[in-house]
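So the sequence shown is numbered by our numbering: it starts at 214 and just counts up by one.
Here a beta-carbon is modelled for each residue, glycine too, at the ideal position from N, C-alpha and C.
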Amino acid sequence: MKGIIFNIQKFSLHDGPGIRTTVFFKGCPLKCKWCSNPESQFTSIQILHDQIKCQHCLQCIHTCKNNALSLKNDMIEIDNSKCMGCLECVHACPFQALSFEGEYKSIKEIVETCMQDYDFYEESQGGITISGGEGMSQPAFLKQLVTELKQHHLHVAIETTGYIEPKLFKELAPMFDLLLFDCKHYDSKRHFIGTGVYNEMIIENLTWATKKGLNILVRIPVIPEFNCTLQDAKGFCQLFNDIGIKKVQLLPFHQFGEKKYNLLHRPYTLKNKKALYKEDLKDYQQVFINSHIDCFF
214 MKGIIFNIQK FSLHDGPGIR TTVFFKGCPL KCKWCSNPES QFTSIQILHD QIKCQHCLQC
274 IHTCKNNALS LKNDMIEIDN SKCMGCLECV HACPFQALSF EGEYKSIKEI VETCMQDYDF
334 YEESQGGITI SGGEGMSQPA FLKQLVTELK QHHLHVAIET TGYIEPKLFK ELAPMFDLLL
394 FDCKHYDSKR HFIGTGVYNE MIIENLTWAT KKGLNILVRI PVIPEFNCTL QDAKGFCQLF
454 NDIGIKKVQL LPFHQFGEKK YNLLHRPYTL KNKKALYKED LKDYQQVFIN SHIDCFF
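Here it is, written out as structure tokens:
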């Protein structure tokens, strides 16, 4: 069995306790407008094009057997529906203007990479974090991978959107030592505007996991003009108090993923929004504290 991932990042310090290796799964049911990993949303291998490096030699177009590449408006366009992920166009480009995201890897390959830093996990009480994308969007592969990692007595966490069919979520969620559970908005209609999906299923899964006593850390990506007002903070608090959530981490908006949108030739609607910092969200944080919720950055 193989799964598609787009990165394995060692020495991660912000994806759970201790020193960790983060395995990024490709594929996500949400299409968050601020996503810092837009390459994670598509479930197959993707070709990226750097307009600055491109010299318009058209070698990539001539190489592609499936006619997935074309020249439009002086730019190389990639049709993902035709691309087979063979990477011949990437290798053919003499100017390295093409790159790719996504690679099929076996359980054995991933576990061997993770085990290279076993001593660091042991010393720091760290482990492995599944990220993405959404790891649960590849359920069979995820289940087998986590089972194998557990054979090596590793702490395994997952960063999840929570947007998973409840029956499947109930099967997978208890396998993890920690659920880093993203909560984007308390209001379903607003959630849809920002992510492309409604939040009822997310709240259902979060409620179930809380009642089951699973180890959960809810995280809120705080996004300008989406969920950043004090009224939004109060809305989150009401939801969390109803569910029984006692701890929340705030993730201030940043612009780290902007370049990836350019390489994917995708519009980035938050391009001119200023990044947020801890000092910008002190009053926001205080709303949670006043509601008896441990809130930190």
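Asked: What span of residues does the beta strand (DSSP E) with P465 cover, start to end?; Found: 460-465
Asked: Determine the closest residue to Q338 out of E325, H366, G345, C396, with distance taken between C-alpha atoms.; Found: H366
Asked: Work out the CA separation of W247 and G470 for me, nearest whole Å.; Found: 8 Å
Asked: Going along the chain, which residues of its own chain have a beta-carbon closer than 8 Å to the beta-carbon of L392, five neighbours each way excluded?; Found: A370, I371, T373, A386, A422, L427, N428, I429, L430
Asked: Please list the terminal residues of the continuous alpha helix (DSSP H) segment that includes M328.; Found: 320-328
Asked: Can you check DSSP and say which residues form a bridge with T235?; Found: Q222, T342
Asked: Distance check for F394 and E413, CA to CA, integer angstroms please.; Found: 15 Å
Asked: From the DSSP output, read off the bridge partner residues of P434.; Found: L464
Asked: Quickly, what does DSSP pair F439 with across the bridge? List them, please.; Found: DSSP lists no partner for F439.
Asked: Which of helix, strand or coil does DSSP assign to Y376?; Found: coil
Asked: CA-CA distance, N250 and Q357?; Found: 25 Å
Asked: Please return the same chain residues whose Cβ sits closer than 7 Å to the Cβ of K473, not counting the five positions on each side in sequence.; Found: P251, E252
Asked: Quick one: give me the first and last residue of the alpha helix (DSSP H) that F469 is part of.; Found: First-last for F469: undefined, no H or E at that position.
Asked: So for F382, helix, strand or coil by DSSP?; Found: helix
Asked: Look at the Cβ atom of I186, then the Cβ atom of I260, and state whether they are nearer than 8 Å.; Found: Shown here, the chain extends from 214 to 510; a query on residue 186 therefore has no answer.
Asked: Sorted by chain position, which residues of the same chain lie with C-beta nearer than 7 Å to Q309's C-beta, five sequence neighbours on each side aside?; Found: K266
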